[in-house]
Ligand SMILES: [Zn+2]
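Numbering (my numbering), first residue to last: 314 to 646.
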């Protein structure tokens, strides 16, 4: 009961921060400092919606019925500009079922832009990936808001998971969501501000939110301590799905109450992968039980205790993956 109450209270805060910031910016037309503060509020509100509302709802953790969860998950369409229908395949099916498995998990398969795991073929430009990847993280959101969803529907798959073209209510949700998102993010602000100011602000806003979301997800899976696998490796040495999830995932900053509140338990990613349909507000308590049992059964359970160490591990992992496997000219004799 308390976990659910906390979840809903957080949802109210997220909506109030987002709506309040938008109203101040568009209706209030504030001066520089209040304007910048509200712009920050817009970014915070959107991140809170992504981490604490839409992620839980699309997993089926927000309400007890599927229809209400899909309705709340539609915040992805209307407020983030991403198709919740495609998200459920990309995230719930591809990423949560085949975590850190090459090709199957679309999150970890970013070739030819980056090499995120050992099974992927090397390319010379990956040697610089630990520098340029941050720019890629910034434009991922823009890609999904514009061509990403449509490209995935045309391809008919995300990773190796089938993605059917949405029909009826799903199609109405997709189109209606895009119209609402473009209206509040671009069209209505253009009635008040010059077009170039709106487009510039939108690009900055979208890129910052995208960077925050991408890094939060990457710190849990794309670090030195996480395990990676190819389908062939898994076929050769089958393992329990739950063990695979724990060993391919890393928790971070569990004792940081502010970060835990904001990222909605995504820092308790091990617990999230084991119990995605449980509201994230329960994860701190579940974590103690999972950790105890992982130790008892010899399952590797890794936690980064500071944001700094998690970021460093992500950076080092990118650098190692970029270097490894680059052909070296050998002189024999
Ligand atoms: Zn998830």
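Glycine residues also receive a C-beta, built at the ideal position from the N, C-alpha and C atoms.
For the stretch 434–520, the continuous alpha helix (DSSP H) assignments of 4+ residues that do not extend past its boundaries occur at 442–456, 462–468, 481–495, 501–505, in sequence order.
Residue state for residue 586 is assigned as helix, using DSSP reduced to three classes. Excluding five sequence positions before and after residue 453, the CB atoms of its chain that fall closer than 6 Å to its own CB belong to 523, 527, given in chain order. Your pair residue 362 and residue 393 checks out as a contact, with CB atoms roughly 7 Å apart and the cut at 8 Å. Under the criterion of beta carbons closer than 8 Å, residue 411 and residue 472 qualify as touching, at roughly 7 Å. Close CB contacts of residue 539 within its chain, under the 7 Å cut and outside five residues either way in sequence, are with 413, 561, 562, 563 (chain order).
Spanning the alpha carbons of residue 489 and residue 608 requires a straight line of approximately 48 Å. DSSP, reduced to helix, strand and coil, places residue 618 outside both helices and strands of the structure shown, so it counts as coil. Secondary structure at residue 563: strand, using DSSP grouped into helix, strand and coil. By the CB criterion at 7 Å, residue 407 and residue 418 fall inside the cutoff. When DSSP states are grouped into helix, strand and coil, residue 427 belongs to the coil group.
Per DSSP, reduced to three states, the secondary structure at residue 419 is coil, with no helix or strand assignment.
Rounded to whole angstroms, residue 405 and residue 372 show a C-alpha spacing of 7 Å.
Under the three-state reduction of DSSP, residue 623 is assigned to helix. Counting along the chain, residue 550 sits inside no alpha helix (DSSP H), nor does DSSP assign it H or E at all. If you ignore the 5 residues before and after residue 544, its C-beta comes within less than 8 Å of the C-beta of 414, 415, 416, 417, all in its own chain and listed in chain order.
In the structure shown, the three-state DSSP call for residue 542 is strand.
The criterion of a C-beta distance shorter than 7 Å is not satisfied by residue 519 and residue 572. DSSP, read as helix, strand or coil, puts residue 603 in helix. Rounded to the nearest angstrom, the Cβ distance from residue 585 to residue 579 is 7 Å, consistent with a contact under 8 Å. Contact between residue 420 and residue 534 holds, with the beta-carbon distance rounding to 7 Å and staying under 8 Å.
Within the model, the alpha-carbon separation for residue 463 versus residue 486 is close to 14 Å.
Closest option to residue 423, judged by alpha-carbon separation, among 591, 496, 449: 449. Residue state for residue 414 is assigned as strand, using DSSP reduced to three classes. When DSSP states are grouped into helix, strand and coil, residue 358 belongs to the helix group. In the three-state reduction of the DSSP assignment, residue 343 falls in the coil class. Excluding residues up to 5 positions away in sequence, 443 lie with their Cβ nearer than 7 Å to the Cβ of residue 632 in the same chain. For a cut-off of 8 Å, the C-beta gap from residue 457 to residue 395 is around 5 Å, short enough to register as a contact. If you look at residue 395, you'll find it isn't in any alpha helix (DSSP H); DSSP assigns it neither H nor E. In the structure shown, residue 388 adopts helical secondary structure according to DSSP, grouped into three states. Annotated as proximal: residue 511 and residue 503, with beta-carbon spacing under 7 Å.
401 is the residue among 365, 476, 390, 401 whose C-alpha sits nearest the C-alpha of residue 379.
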